[in-house]
Amino acid sequence: MTSLRFGGIVSFVFTTLLVCSATGDEKQHERPFDRYRAIFAVGVGTLNVTWTSEARQYVLDEVKRRGEKEKLIVCTDSNVPTEKFRADHALTTDQVIWLVMTFEDQSKTEAGRVSFTINVNNGSYLQGAIFDPGVTFATAKPTLDRMLNGFFEFGEGKVTPR
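My numbering puts the first residue of the sequence shown at 2, with every later residue one more than the last.
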């Protein structure tokens, strides 16, 4: 785990765990994304800190854009996959990356403090950041981009966890 501080804007905590699920076949996959056919992404914002709503939509849009670029079927919480959708695309649970991102108000610790996590497949890939009070979407965006880059670079096989 690495903990960094960026100019009083964000206290950043980064954790990556890797437990890859297999798709049932025994062939070797060059990239983690090759094990999957789809990303189902959902986001939870916090009503107490207004910038998280814009940030939540931004992250979902980026996951959709970048996931489709990787030739993955992408569903976000604006188009949650139904049983019919899964049947139409012949998707099984082990072929899907379940990405849950959460913005959580940490005001019990300090007013305006927000934590953000990306949790994939119940902990097989985790990232987190804690944003200091007074942060806006504009100041949080570079950190969100860095986290998304980490997730997609990992999935593309460009980086490996240590």
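Note that the Cβ used here is the ideal one computed from N, Cα and C, for glycine as well.
Practice problem: Write down every uninterrupted run of the beta strand (DSSP E) in the segment 34 to 69 whose length is 3 residues or greater and which is fully enclosed by it, in chain order. | Solution: 39 to 45
Quiz item: Alpha carbon to alpha carbon, how far is leucine 48 from phenylalanine 104?
Solution: 10 Å
Quiz item: What is the DSSP secondary structure of asparagine 1, reduced to helix, strand or coil?
Solution: Residue 1 cannot be examined here, being either before or after the span of the chain that is shown, 2 to 163.
Quiz item: Mind checking whether threonine 33 and phenylalanine 155 have CB atoms under 8 Å apart?
Solution: Inspection of the sequence shows that residue 33 is occupied by proline rather than by threonine. In contact: proline 33 and phenylalanine 155 (Cβ atoms closer than 8 Å).
Quiz prompt | Local conformation of glutamine 1 per DSSP, three classes | solution = Because the chain in this structure spans residues 2 to 163, residue 1 falls outside the shown range and cannot be described.
Quiz item: Assuming asparagine 120 contacts valine 136 under a Cβ cut-off of 8 Å, what Cβ separation, rounded to an integer in Å, is found between them?
Solution: With a Cβ gap of about 21 Å, asparagine 120 and valine 136 do not count as contacting.
Exercise. State the DSSP-derived secondary structure class of aspartate 95, mapped to helix, strand or coil.
Key: helix
Quiz item: Would DSSP call aspartate 78 helix, strand or coil?
Solution: helix
Quiz item: Once you ignore the five residues that flank glutamine 96 on each side, which residues in its own chain have a CB closer than 7 Å to its CB?
Solution: Thr24, Tyr37, Arg38 and Ala39
Self-check item: C-alpha gap between threonine 144 and threonine 93, whole angstroms
Solution: 33 Å
Exercise. Classify arginine 114 as buried or exposed, calling it buried when 16 or more other Cβ atoms lie within 10 Å of its own Cβ.
Key: buried
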